[in-house]
Amino acid sequence: MCVYRPFNDATGYGPIFEEEPLDIVYTKESPDRHISMNCRARANPAPTYRWRRDNWEIKLMELPNEHYSLVGGNLIINNPEEKKHAGIYVCVAKNMYGTVISKEAKVKFGYLEEFPDEERDPVTVKEGQGAVLLCVPPKRWPAEVTFRWIYNEFPVFLHPDKRRFVSQSTGNLYISKVEASDAGNYSCYVFNPQIGKGVYSKFIPLISTEEKKRYKADLVVKFPDTTAMLNYNVTLECFALGNPAPHIVWRKIGATDLPASAQVSMSGALLHLYNVQYEDSAGYECEAINQKWQDWHQAWLYWAVTINNTQKDIGSEHTMSCVANGKPVPYIRWLKDGYSYGKGELKFSSLTFEDSGMYQCIAENYWGIIYASAELRVIACAPTFELNPVKKYLLGANNGRVVIECKPRAAPRPRFTWTKGKEVLFNNSRISIMFDGSLEILNATRNDEGVYTCLAENDRGKANSTGTLTITEATQITVAPENTQVMVGEEVHLQCQASFDPSLDITFIWSLDFRVINFYLEWKHYERIMDREDSGELKIMNVQLRHEGRYTCTAQTVVDNVTASADLKVKGLPAPPGGVRVEEIRDTSVKLVWNQGADHGSPILGYTIQTRDFYALTEVDWKDASTSPTPLSGRSVMADVVDLYPWMEYEFRVYATNGFGDGEASIPSMKIKTWDAVPVVAPTNVGGYGGKDGELVITWTPVQPQYFYGKKFGYVVAFKPHDDVDWWYETISDPETRRYVHRDASFRVKSNDFQVREFQVKVKTFNSKGDGPYSLSTTVYYPRDGEVPSESPTDVYSRPVSSHEALVWWIPVMDTGTGLQQYIDGYQTRLENMLPDSHYLIEVRAYNGAGVGPPSEHCEMFTKRKTRNPLFSSPLLPSPPLFSSPLLFSTLQVMFRKTGYITGPIYMTGWHFIDFPMPQVGDYELEVRGRYEGGDGPIRKIRLQGK
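Rendered as structure tokens:
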């Protein structure tokens, strides 16, 4: 029997917490006039409980208390008062084996004050501008509250969207661009879910004035550097003002994608990181974009972690370690039976009964505190095999290694002696007694069969246990799998046969690169053929590149196992290159480096580099890049990507080509931005006209954003009277501007002036690096004072193009109001968004800066009929009668293509049917489109399945 100090009950144990107290927030408005703090521990015998507040024990048993009472292990606080009962509480559980202390729990009294009674000042803003309504929330505890905004009256709450955002950090309401419908009264509503109370502010009037102008994106809500707890959640906020309403894009700096646990919500304004881990620590960037403007913000996310713990078993020499990870590094201290016992690592050179007890490791840093409990029990007992005897019947393989375990319960550690029959065994070249008492036999033979006994003895007593050893034939691989090469899509068989002891059962296990193949889940590609008891042949169907690797066959019995391996090489498309990265960045080129991927049995012929810039329409909008050298050979591992746009965000990927075709593209590189440069593109379609009261209107087509080439992009407008030498210059900083109006009373042309006033105009671009080229000079004519065109356009003619579009031609007027006679052959324009099968009257007028001239004669036109959706039948599918309603089509267009392919042969027919041979192998699709007078109709599809 084992002896325990101070008790002899081997089934008893010290307290282990199953429920510990939690932090509580109590409010005076609570309908419950008490606080319950739970504490429950598992122990044998059952524990007793005590409580401490701010390190002072609460006298629950000795003195009656009107506020405190104990129910089981739970502490009940009746009619709590902040001054008497707020603080830090711990539960103490104790029995005969020791004492443990729970983690700390805080009791705090929550509150939420009212908003001030003062009226809130109105906010006046122009339409298109951004607006910020300040919440200025009242004092509160806890600080974690929910913010919402009331619109005009309670309970009409504002619903955030792409234009409107409510910060859960400050409570402020942000409107990226104000519209007329936003005008009204707003109130900030603050709700504390922990105390169940909400308050709202006085209404703030929002007044909008009419002025529709575009404003660049401007980030006004920027998340700070943030610290998060390991395995906790964190939310980052980012919102911008601007017109059009900006679009928010999130990135993790140094990575191609956000973490897998990340989720973007509130139209991009919020980034949620769930269950944060060490690898999520990084810089995060939010970027606001509205058409041609960008603004961005970066901050770092750091992680602080509460601690994990471990404990080790006891022994005659024993070390108790408590390993904790944290940031900052945690401080570690120890309690024994509820009292301070030391810090760091506990070492016992020679354990005594007095060392028995309940030990608690306490690890704490700025972010938290955590407890780990372990019972140290010093025992002394004679050896016993009652719980773990030597196995009665033992098997071993011929010429194999046999281990007979001997693990009695004993303290201190016993001495071990082994016998075979009546023969005492000693260590030799084949037989050895291991440190834990087990017997090891190497190169076992039939002569080693017999009865084996393990004897264990210490100063408290001795015991023995016996088992019988039988030697069986060893398992051997007789037909091993062979190295094989196969093409993608083919079938291959890997042989595996083995000999084994007939008294045993055998099973065959296959693995690929040390991963066991699951035939139940991977039945589409793997099948184990068990037509013979000694065979476990592997059949691989429709081989793919991922099936390449080392296949290992394991023949296994209950006694032993043996393995044999073979390599399977799969020929096919090349693997994607790896490690694609940019090493040098210039204004119009970069140096790209990559690692070669596997050629899969066919030499790589070359590489292709693709780019995707900031203005790519979709995630798959990749374009082949120009490179130096050209082409890239199959040995290339670097190249210069040229002809890039300066000041443009790019990412790159590479794919290889071999004799089987183009392989899969690599993972995209990190996004980079090329250096800025002087713009080289000038505005186009420069023109203009003279307006009223000395206005000179100059117009142009703005430069596309990919040609900005740098920051602070804008235009310089130059103009002068035709005969003057000096030019006048105006700087336009808005890159979207397409017109400039200059007012000068001297520009007005009097009705008695005989000379036509002409102006030369031109426009150039600029950015922070310098000025770009001017456009070609254009002549602008100024009309006489108040003189509009006096003639009407002639020969107006129109023609329908489809059910929604038409073309209109006319001969323009000769007198444009400038006094300058000119002759132009004619003009043409396209009318869109017209109603189908409708009657239209069309007139054309000439206009200049002074106004609109007389109308032309009416031109009459009918738009075409609307397209219809064809109905068709298939011998494989039930359908309505073929073309059950009349269709006024001219022809039918039919595409016949294999499923998964983009194109296929196209047939044209004027009949209501078409004959196709049934496909023998594979699945096909039929696409039918009617071609009508009003244009092409929608596509209808059916699927055909081969035999």
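Counting along the sequence shown from 1, when you hit position 487 you're at 487 in UniProt numbering, and nothing is skipped either side.
The C-beta atom is built at its ideal place from N, Cα and C for all residues, glycine as well.
Taking Cβ positions, are residue i and residue j nearer each other than 7 Å?
i           : j      : result
GLU144      : PHE109 : no
GLY128      : SER176 : no
LEU807      : VAL801 : yes
ALA363      : PRO330 : yes
ARG550      : SER535 : no
residue 992 : THR630 : Given that the chain is displayed from residue 1 to residue 947, the structure contains no residue 992 and the question cannot be resolved.
VAL637      : SER628 : no
PRO836      : THR863 : yes
GLU237      : VAL221 : yes
TYR774      : ARG757 : no
PHE759      : PRO721 : yes
TYR13       : ASN44  : yes
residue 962 : SER792 : Examination of residue 962 is not possible in this model, given that the chain is present from 1 through 947 alone.
ASP392      : TYR359 : The amino acid at residue 392 is misidentified as Asp; the sequence shows Lys. Going by C-beta atoms, LYS392 is not nearer than 7 Å to TYR359.
Take the Cβ of residue i as the centre, count every other Cβ of all protein chains shown within 10 Å, and call the residue buried at 16 or more, exposed below.
i      : result
TRP810 : buried
ALA682 : buried
GLY688 : buried
ASN848 : buried
ILE471 : buried
ASP936 : exposed
ARG163 : buried
PHE500 : buried
PHE652 : buried
ILE824 : In this prediction, ILE824 has a pLDDT of 43, which is less than 50 and means its spatial position is unreliable; what the coordinates show is noted afterwards. The residue in question, ILE824, is exposed, as its Cβ has fewer than 16 Cβ neighbours within 10 Å.
TRP594 : buried
TRP56  : exposed
GLU18  : exposed
ASP23  : exposed
GLN945 : exposed
SER208 : buried
TRP300 : Unreliable placement is indicated for TRP300, whose pLDDT of 49 sits below 50; no coordinate value is reported for it.
VAL305 : Reliability fails at VAL305, whose pLDDT of 40 lies under 50, so the model's placement of it is uncertain and the value that follows must be treated cautiously. Result: buried.
TRP523 : exposed
GLN822 : The pLDDT assigned to GLN822 is 43, lower than 50, so where the model puts this residue is not dependable, and the model offers no usable value.
GLU317 : exposed
VAL516 : exposed
Along the chain, where does the alpha helix (DSSP H) containing residue i start, and where does it finish?
i     : result
GLU82 : 82-85
For residue i, which residues of its own chain have a beta-carbon under 6 Å away from its beta-carbon, when the five flanking residues on both sides are left out?
i      : result
LEU632 : GLY606, TYR607 and ALA639
GLY710 : TRP647, ASP676, ASN767, SER768 and LYS769
CYS135 : GLY171, ASN172 and CYS188
THR554 : ILE509, ASN561 and THR563
ARG446 : ILE471
What are the start and end residues of the beta strand (DSSP E) that includes residue i?
i      : result
LEU568 : 561-571
ILE477 : 476-479
MET861 : 859-862
GLY853 : 851-855
HIS742 : 739-743
SER169 : From DSSP, SER169 is part of no beta strand (DSSP E); its letter is neither H nor E.
SER503 : No beta strand (DSSP E) contains SER503, which DSSP labels as neither H nor E.
ALA380 : 379-384
PRO721 : 714-721
GLN556 : 549-556
THR779 : 778-781
ALA180 : Careful: ALA180 lies outside any beta strand (DSSP E) and carries neither H nor E.
Output needed for residue i: all residues of its chain with C-beta closer than 7 Å, excluding positions within five of it in sequence on either side, in chain order.
i           : result
LYS407      : ASN388, ASP436 and GLY437
GLU805      : ARG830, LEU831, GLU832 and MET834
ASP513      : GLY549 and ARG550
residue 955 : Lying outside 1 to 947, the shown extent of the chain, residue 955 is not represented and no answer is given.
LEU504      : THR472, THR557, VAL558 and VAL559
GLU489      : Before going further, note that residue 489 is Gly rather than Glu in the sequence given. Counting only Cβ-Cβ distances below 7 Å, and skipping sequence neighbours, we find ASN542 and VAL543.
Taking 7 Å as the CB-CB limit, is residue i close to chain C?
i      : result
LEU173 : The chain inventory of the structure shown lacks chain C, comprising one protein chain alone.
Please go through the same chain and pick out, in chain order, the residues whose beta-carbon is closer than 8 Å to the beta-carbon of residue i, but skip the five residues on each side of it.
i      : result
ASN398 : ALA444, THR445, ARG446, ILE471, THR472, GLU473 and ALA474
Hey, which unbroken runs of the alpha helix (DSSP H) at 4 residues or more fall wholly within the UniProt domain "Ig-like" (15-108)?
82-85
Can you check the UniProt domain "Ig-like" (217-290) for any beta strand (DSSP E) of at least 3 residues that lies completely inside it and give the ranges in chain order?
226-229, 234-243, 247-252, 262-265, 270-273 and 282-290
Run through the UniProt domain "Fibronectin type-III" (576-677) for me and flag every whole beta strand (DSSP E) of 3 or more residues, listed as ranges in chain order.
578-585, 590-595, 606-613, 626-628, 638-642 and 649-658
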